[in-house]
Amino acid sequence: QVQLVESGGGLVQPGGSLRLSCAASGSIFLLNTMGWYRQAPGNQRESVAGISSSGITSYSDSVKGRFTISRGNTRTTVYLQMNNLKPEDTAVYYCNLILRDGRNFWGKGTLVTVSS
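Here the working numbering is used: the first residue of the sequence shown is 29, the next is one more, and so on.
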């Protein structure tokens, strides 16, 4: 059983910053890929950023240069530093974990609202 718990969401003004955290627990292999997705009302869930077990990162074009994904020392925690937030970043942000054997897990999500 694998559990992912996100934290750090909230209300922020345009141009502000937030840092999301995701802690994974359970039967986790160290070699895994973690990432962040988001889903705005009426939209499909979309990929925001990902980080491999070796530290290779990827970003969607809409957040490149503003968001930074990183791992904790234990590789079971992943962070998303979000700077220069825009109203269009408003969404529920989900943490994702893919184990080496292909199993895929999701957190319950944390709401980010960017509004003045």
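We put the beta carbon where it would ideally sit given N, CA and C, even for glycine. Keep in mind it's a predicted model, so treat the numbers as computed, not measured.
For the set Met110, Thr85, Pro42, Asp117, the Cα lying nearest the Cα of Ser49 is the one of Met110. Rounded to whole angstroms, Gly37 and Lys136 show a C-alpha spacing of 12 Å. Taking 8 Å as the cut-off, the Cβ atoms of Glu74 and Ser88 count as close. Looking at Gly44, Gln41, Gly78, Thr141, the one whose alpha-carbon comes closest to that of Cys123 is Gly78. Pairing Pro42 with Lys114 gives a Cβ-Cβ distance under 8 Å. Counting only runs that start and end inside the segment 34-96, there is no alpha helix (DSSP H) element of at least 4 residues. Exclusion of the five residues before and after Arg94 leaves Asn111, Asn112 as the residues of its chain whose Cβ lies within less than 6 Å of its Cβ. If you look at Leu125, you'll find it in the beta strand (DSSP E) that goes 119-127.
Inter-residue distance for Ser98 and Leu108 is about 7 Å (C-alpha atoms, whole angstroms). Membership of Thr105 in the beta strand (DSSP E) is indicated by the continuous run 105-110. Under the DSSP assignment, Thr138 falls in the beta strand (DSSP E) whose first and last residues are 138-142.
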